[in-house]
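Presented below is the structure to which this report refers.
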Amino acid sequence: MPQSGRDELGNRVVNRRKTGTKRGIREGEELAAVDLGSNSFHMVVARSEHGQPRVLDRLRENVRLAAGLHGDGTLDAGYQTRALACLARMGQRIANLPPQHVRAVATHTVRKLRAPQAFLRRAESALGHPIEVVSGREEARLIWQGVAHALPASPSNRLVIDIGGGSTEFVIGRGLDPLQMESVQVGCVASTLHFFPGGRITRKLWESARAEIGLLLQQFAGQYRKVGWNEAWGSSGTVKAIGAIAHGLDPSTNTIERNALAAMRDALINARLTDRIALPGLQAERAPVIAGGVVILEAAFDALGIHRMGVCESAMREGLLWDMLGRAGGHDPRDASVRALAERYGVDAVQARMVERVALKLFDAVAARWRLPDEAREWLIWAARVHEIGLAIAHSQHHRHAGYILRNADMAGFNREEQQMLAALVENQRRKVDRALFTALPARLREPAQRLTALLRLAILLCRARDDQPPRLARISAGPRSLKLGLSRAWKRKHPLTMADLLAERSLLAALGVSLSLTEP
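All letters in the sequence shown, in the order written, are residues 182 to 702 by the numbering used here.
Below you can see the structure in the form of structure tokens.
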């Protein structure tokens with residue numbers, strides 16, 4: 182029989198499994214990571230074994246999405262068709278996996294689209310799963326997770342460089358923790374098209390490209406040199422291709438060294454055209470974009486003082502698998518990001534906890550009737566914990582300040598949609614509802630965001646007195662679009678200001694699609 186008790190607010194509760202709590206990835210279950218890179222699309226399917234991902238299947242297709250990105254932020258129809266067909270094939274393999282066992286991530290090219298949601302709607306339909314758009318630094322963090330788990334343990338700092346189709350990520354880390362992360366908007370596809378137009382390669386063009394890329398790297402090169410590292414590693418397809426060429430030039434080595442890069446540079450310049458490139462170990466599909474990759478790596482060696490680089494087989498997709506297992510095991514980097522943000526902006530921790538407890542009391546009463554998704558409880562918790570960060574700037578419009586911070590901060594573990602979701606909740610915590618913040622979200626998130634906003638607003642109002650006596654909500658009931666709160670007559674008499682706020686709030690919640698009723702138990 183379920184046991185009754187009282188929660189931290191003094192409310193009588195029945196102990197039962199919380200609605201909306203996510204089920205973890207169990208031993209032996211499959212999980213999948215999909216990487217929509219600017220050059221290639223990758224998918225890795227693995228089985229969870231002893232807390233580790235055991236790879237079962239890999240799929241890779243050379244889509245070259247970056248080549249279809251126009252200067253106005255639109256995507257060429259042909260490249261879009263190719264991308265969707267690839268995702269449909271990948272989707273067939275993971276069609277039977279539950280949503281929480283799949284993470285699909287889009288990177289630089291989708292970040293640069295003028296209207297990414299138009300492409301993402303079709304892409305998600307083809308894949309059969311949601312697709313996240315991650316920032317450059319979050320991409321760097323995931324790359325580090327993949328590389329760090331693949332290399333032998335070391336107490337020393339390591340440098341990792343990952344050259345993608347549209348961007349290149351630079352990470353210094355120790356153990357499993359990244360210490361410095363940067364993302365630069367140069368990649369093998371984009372750089373080949375930009376620096377070597379028409380596939381023409383000359384020494385003058387090469388030196389111009391190396392100088393321009395080197396200037397971008399100087400923005401952080403000094404700090405990276407100061408932090409330092411003992412080993413340098415490269416990851417992903419471009420670096421692996423360069424490593425294969427280096428081995429072809431000198432079979433006695435399995436690393437990339439300066440003299441090998443110089444030899445590649447001279448061979449590429451002598452070839453004059455990308456379609457005439459012939460280097461030992463270079464696969465034909467890599468030839469059209471290898472010039473951009475080599476010039477980026479040569480500029481990185483110069484700017485950072487690298488003499489030798491190893492090649493790692495793992496990259497961001499493996500990092501996604503480890504990140505999924507970490508979340509399932511209770512080690513979610515998003516929790517640490519929220520905690521760090523609250524500390525940085527001096528949030529009143531006692532008040533934040535009170536708002537969180539009341540918000541969760543409301544959530545647990547309505548989640549089933551409102552059909553809130555599994556992850557909604559986490560979003561509400563995070564929103565409650567950081568809803569007052571804007572007060573560090575000014576009380577006036579503090580909800581607006583908070584929304585700006587949440588949209589633009591570097592928050593490890595969060596993708597762009599999640600940050601927009603969190604910002605929409607927090608920015609709509611008071612005053613008139615700004616519906617544009619919800620319409621900017623993907624369609625699948627709009628209704629949950631509005632419902633969670635209603636719960637957050639009510640929790641903040643009910644805790645406005647900032648005392649140790651939050652309301653004892655004797656009765657909470659919900660319909661598909663309604664919420665009924667039971668408040669004692671004694672509490673109403675003691676909190677006339679809160680009651681006035683709640684009465685005024687009814688019309689504001691109507692804009693969120695929620696009808697609020699206030700009753701006595």
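All C-beta atoms, glycine included, are put in the ideal place defined by N, C-alpha and C. For clarity, every value in this text was computed on a predicted model and none was experimentally measured.
Checklist line | Any chain B beta carbon closer than 7 Å to G205 | finding: Absent here is chain B; the protein component of the structure consists of one chain.
Note to self: I'd like to know if the region 368 to 384 and the region 295 to 315 are in contact, where contact means that at least 3 CB-CB pairs between them fall below 8 Å.
What the structure shows: Between the region 368 to 384 and the region 295 to 315 there are fewer than three C-beta pairs closer than 8 Å, too few to call the two in contact.
Note to self: Is it buried or exposed, T634, if we count other Cβ atoms within 10 angstroms and call 16 or more buried?
What the structure shows: Sequence index remark: in the sequence shown, residue 634 carries index 453 (1-based). Around the CB of T634, 16 or more other CB atoms lie within 10 Å, so the residue is classed as buried.
Next item on the list: Determine, using beta-carbon pairs with one atom in the region 332 to 343 and one in the region 404 to 414, whether at least three such pairs fall under 8 Å.
Entry: Cβ pair count under 8 Å is three or more, so yes.
Next item on the list: Throw me the rounded Cβ distance for the L217 and A285 pair, which I believe falls under 8 Å.
Entry: Numbered from its first residue, the sequence shown carries residue 217 at position 36. Numbered from its first residue, the sequence shown carries residue 285 at position 104. About 7 Å separates the two Cβ atoms, so the contact holds.
Checklist line | Rounded distance between the beta-carbons of L485 and L442, thought under 8 Å | finding: By one-based count along the sequence shown, residue 442 stands at place 261. By one-based count along the sequence shown, residue 485 stands at place 304. The distance from the Cβ of L442 to that of L485 is about 13 Å, inconsistent with a contact at the 8 Å cut-off.
Next item on the list: Could you name each continuous alpha helix (DSSP H) segment of 4 residues or more that falls completely within the region 251 to 327, going from the start of the chain to the end?
Entry: The alpha helix (DSSP H) runs lying completely inside the region 251 to 327 and spanning 4 residues or more are 258 to 274, 289 to 293, 297 to 308, given in chain order.
Check: Are the region 494 to 501 and the region 319 to 332 in contact at 8 Å, needing three or more beta carbon pairs?
Finding: Enough Cβ pairs lie closer than 8 Å, so yes.
Check: Which value, in whole angstroms, describes the spacing of the CA atoms of K293 and N243?
Finding: In the sequence shown, counting from the first residue as 1, residue 293 sits at position 112. In the sequence shown, counting from the first residue as 1, residue 243 sits at position 62. Straight-line measurement puts the Cα of N243 at about 19 Å from the Cα of K293.
Note to self: Taking only three categories from DSSP, how would you classify Q399?
What the structure shows: Counting from 1 along the sequence shown, the entry for residue 399 is found at position 218. Note: Q399 maps to helix in three-state DSSP.
Item checked: Where P234 falls, given that 16 or more other Cβ within 10 Å makes a residue buried -> Start at 1 with the first residue of the sequence shown, and residue 234 comes out as number 53. It counts as buried.
Next item on the list: Assign W410 to one of three DSSP states: helix, strand, or coil.
Entry: As a first step, residue 410 must be located in the sequence shown, where it is residue number 229. In this structure, DSSP gives W410 a state outside helix and strand, which the three-state scheme calls coil.
Check: If you check the beta carbons only, do R566 and V519 fall under 7 Å apart?
Finding: Taking the first residue of the sequence shown as position 1, residue 566 is located at position 385. Taking the first residue of the sequence shown as position 1, residue 519 is located at position 338. The Cβ atoms of R566 and V519 lie closer than 7 Å to each other.
Notebook entry, point to check: What residues in its chain sit with their C-beta under 6 Å from that of A452, if we drop five residues either side in the sequence?
Noted result: Here the question's residue 452 lines up with position 271 in the sequence shown. Answer for A452: I458, listed in chain order.
Next item on the list: Starting from S546, trace the alpha helix (DSSP H) both ways and give me its first and last residue.
Entry: Position 365 of the sequence shown holds residue 546. According to the sequence as given, residue 546 is Ala; it is not Ser. Its alpha helix (DSSP H) spans residues 530 to 551.
Notebook entry, point to check: Which of helix, strand or coil does DSSP assign to Q600?
Noted result: Position 419 of the sequence shown holds residue 600. The three-state reading of DSSP puts Q600 in helix, counting H, G and I together.
Note to self: Tell me the rounded alpha-carbon separation between E556 and D682.
What the structure shows: Along the sequence shown, one-based indexing puts residue 556 at 375. Along the sequence shown, one-based indexing puts residue 682 at 501. Annotation: E556 to D682 spans about 29 Å, alpha carbon to alpha carbon.
Next item on the list: Starting from Q631, trace the alpha helix (DSSP H) both ways and give me its first and last residue.
Entry: Here residue 631 refers to the residue found at position 450 when the sequence shown is read from its first residue. First-last of the alpha helix (DSSP H) with Q631: 624 to 643.
Note to self: Beta-carbon within less than 7 Å of R384's beta-carbon, same chain only, minus the 5 sequence neighbours each way: which residues are those?
What the structure shows: Translated into the one-based positions of the sequence shown, residue 384 becomes position 203. Taking C-beta separations shorter than 7 Å and ignoring five residues to either side along the sequence, the partners of R384 in its chain run I450, following chain order.
Check: Using the C-alpha atoms, what's the distance from M592 back to I570?
Finding: Numbered from its first residue, the sequence shown carries residue 570 at position 389. Numbered from its first residue, the sequence shown carries residue 592 at position 411. I570 and M592: Cα-Cα distance of roughly 14 Å.
Check: What residues are listed by DSSP as bridge partners for M490?
Finding: Numbered from its first residue, the sequence shown carries residue 490 at position 309. DSSP lists I437 as partners of M490.
Notebook entry, point to check: So what does T349 bridge to, in DSSP terms?
Noted result: Position 168 of the sequence shown, counted from the first residue, corresponds to residue 349. By DSSP's assignment, T349 forms a beta bridge with I344, V365.
Check: Which word fits Q273, buried or exposed, when buried means at least 16 other C-beta atoms lie within 10 angstroms of its C-beta?
Finding: In the sequence shown, counting from the first residue as 1, residue 273 sits at position 92. Flag for Q273 reads exposed.
Checklist line | G500, DSSP secondary structure in three states | finding: Position 319 of the sequence shown, counted from the first residue, corresponds to residue 500. In the structure shown, G500 sits in a helix (DSSP, three-state: H, G or I).
Margin query: In this structure, how does DSSP classify D615 when only helix, strand and coil are distinguished?
Written below: As a working note, residue 615 is residue 434 in the sequence shown. DSSP places D615 in coil when its eight states are reduced to three.
Check: Residues in its own chain within less than 6 Å of I487 by CB, not counting five upstream and five downstream?
Finding: As a position in the sequence shown, residue 487 is number 306, starting the count at 1. Annotation for I487: A413 place their beta carbon closer than 6 Å to its own, counting only its chain and skipping 5 residues before and after.
Check: From which residue to which residue does the alpha helix (DSSP H) around I574 run?
Finding: The residue labelled residue 574 in the question sits at position 393 within the sequence shown. No alpha helix (DSSP H) contains I574, which DSSP labels as neither H nor E.
Item checked: Residue burial classification, A465 (beta-carbon count within 10 angstroms, cutoff 16) -> As a first step, residue 465 must be located in the sequence shown, where it is residue number 284. Counting Cβ neighbours within 10 Å, A465 comes out exposed, since fewer than 16 surround it.
Check: If you draw a straight line from the alpha carbon of A448 to that of Q400, how long is it in whole angstroms?
Finding: The residue given as residue 448 occupies position 267 in the sequence shown. The residue given as residue 400 occupies position 219 in the sequence shown. Straight-line Cα distance between these residues: approximately 30 Å.
Next item on the list: List the whole-angstrom C-beta distance separating L643 from T679, where the pair is believed to meet the contact cut-off of C-beta under 8 Å.
Entry: The sequence position of residue 643 within the sequence shown is 462, counting from 1. The sequence position of residue 679 within the sequence shown is 498, counting from 1. Contact between L643 and T679 is confirmed by a C-beta separation of about 7 Å, below the 8 Å threshold.
Checklist line | M602 versus A480 - alpha carbon distance | finding: Within the sequence shown, numbered from 1, the residue matching residue 602 stands at position 421. Within the sequence shown, numbered from 1, the residue matching residue 480 stands at position 299. Taking the straight line joining both Cα atoms gives about 38 Å.
Notebook entry, point to check: Going straight from the alpha carbon of L639 to that of A540, what length do you get?
Noted result: Within the sequence shown, the letter at position 458 stands for residue 639. Within the sequence shown, the letter at position 359 stands for residue 540. Cα atoms of L639 and A540: separation of roughly 8 Å, rounded to the nearest angstrom.
Next item on the list: Please classify R381: does DSSP put it in a helix, a strand, or coil?
Entry: Taking the first residue of the sequence shown as position 1, residue 381 is located at position 200. Strand at R381.
Margin query: Determine whether the beta carbon atoms of G507 and C369 lie at a separation below 7 Å.
Written below: Sequence index remark: in the sequence shown, residue 507 carries index 326 (1-based). Sequence index remark: in the sequence shown, residue 369 carries index 188 (1-based). Contact: no.
Note to self: Whether or not the region 361 to 375 and the region 343 to 353 are in contact is what I'm after, with contact meaning three or more pairs of Cβ atoms, one per stretch, closer than 8 Å; do they touch?
What the structure shows: Yes, the region 343 to 353 touches the region 361 to 375.
Check: If you run the structure through DSSP and keep just helix, strand and coil, what is A214?
Finding: Taking the sequence shown and counting its residues from 1, the one referred to as residue 214 is at position 33. A214: strand per DSSP, three-state reduction.
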